[in-house]
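Numbering (the numbering used here), first residue to last: 1 to 290.
As structure tokens, then:
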């Protein structure tokens with residue numbers, strides 16, 4: 001048997017490593033360095049130490065952004081962890097037209113987030129379809145401020161995110177459910193376990209690894225929420241900017257000809273650490289369950 005040269009494996013992975021270094025590692029390092037400077041878009045800057053980080057906590061919108069992002073994550077993670085699993089159990093059945101329903105459930109995933117958000121903006125407007133139908137049915141007397149009230153706007157964006165993500169995570173669960181042995185369900189049924197009992201005792205343990213993966217993906221995406229709040233909030237984060245996210249603050253700080261790239265980089269570093277924290281907690285929880 002011929003043995004390969006010691007550097008052959010490195011040659012095979014070199015393109016991927018180069019891609020990661022140029023488009024992931026270098027931008028991350030450069031962002032960290034810029035966070036200690038006062039660089040602007042069209043002008044150079046100088047080293048200012050921790051001034052950007054001290055200014056960050058004086059930003060009146062930062063507390064709202066952190067709260068909105070954490071609420072977004074706290075609501076989206078459990079909903080998008082369990083609802084797609086229930087949906088996958090439903091479409092897994094061999095019923096007529098089930099292939100059609102699988103396609104319908106997955107369709108929002110392939111649609112542009114901006115386009116979907118614009119449709120929801122039209123639906124939730126004061127004169128939109130939702131308020132119009134509710135008023136005609138006599139359920140409400142005046143239009144609900146879905147796009148102007150601080151919490152209604154936030155939870156409208158959460159509902160949009162959950163609706164759009166159901167199909168994607170449903171597909172992940174469908175592949176995981178295929179590895180749960182039917183004999184386990186049959187044995188549990190023989191022992192007298194009902195549908196709910198089989199779900200918690202057989203299905204959930206069988207897809208626990210996928211649930212941990214889904215929860216991590218949702219946590220990361222929730223921390224990086226942008227398009228939903230940007231479009232529904234009229235590109236300003238609602239009235240007074242109370243519904244901004246951290247990504248929106250970064251975009252606002254870095255945009256324009258006089259964008260504060262140093263300050264935006266400091267916000268990006270903060271976002272990184274806020275994202276890593278929940279991921280470490282979820283990973284630890286997954287290891288403990290195993």
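Cβ atoms here follow ideal geometry from the backbone N, Cα and C, with glycine treated the same way.
Counted within 10 angstroms of its Cβ, other Cβ atoms place residue i as buried (16 or more) or exposed
i: residue 142; result: exposed
i: residue 151; result: exposed
i: residue 68; result: buried
i: residue 218; result: buried
i: residue 253; result: buried
i: residue 225; result: buried
i: residue 278; result: buried
i: residue 24; result: exposed
i: residue 228; result: buried
i: residue 42; result: exposed
i: residue 120; result: buried
CA-to-CA distance, residue j to residue i, given in whole angstroms
i: residue 1; j: residue 15; result: Confidence is the limiting factor: at residue 1 the pLDDT is only 47, short of 50, which leaves the residue's position unreliable, though a coordinate-based value still follows. Rounded to whole angstroms, residue 1 to residue 15 spans 27 Å at the Cα level.
i: residue 238; j: residue 134; result: 23 Å
i: residue 99; j: residue 247; result: 37 Å
i: residue 235; j: residue 5; result: 56 Å
i: residue 191; j: residue 199; result: 14 Å
i: residue 111; j: residue 39; result: 37 Å
i: residue 207; j: residue 92; result: 14 Å
Whole-angstrom C-beta distance between residue j and residue i, which should lie under 8 Å
i: residue 130; j: residue 124; result: 6 Å
i: residue 275; j: residue 223; result: 5 Å
i: residue 262; j: residue 44; result: About 11 Å; that fails the 8 Å criterion.
Same chain, Cβ closer than 7 Å to residue i, five either side skipped, listed in chain order
i: residue 158; result: 72, 75 and 76
i: residue 242; result: 64 and 150
i: residue 215; result: 77, 81 and 282
i: residue 87; result: 105, 166 and 170
Cut-off 6 Å between Cβ atoms - residues of its own chain near residue i, not counting five sequence neighbours on either side
i: residue 193; result: none
i: residue 8; result: none
i: residue 146; result: 124, 152 and 156
Neighbourhood of residue i by C-beta distance below 8 Å, restricted to the same chain and skipping five residues each side
i: residue 118; result: 231
Notebook entry, point to check: Of all the alpha helix (DSSP H) runs that stay within the bounds of the stretch 12-95, which reach a length of 4 or more residues?
Noted result: 26-34, 51-56 and 62-91
Next item on the list: Could I get the ranges of all uninterrupted alpha helix (DSSP H) runs contained in the stretch 92-150, with 4 residues as the minimum, in chain order?
Entry: Fully enclosed alpha helix (DSSP H) runs of 4 or longer: 98-110, 113-124 and 129-136.
Margin query: As an exercise, report each continuous beta strand (DSSP E) stretch of at least 3 residues that is fully enclosed by the stretch 180-245, in chain order.
Written below: Within the stretch 180-245, there are no complete beta strand (DSSP E) runs of at least 3 residues.
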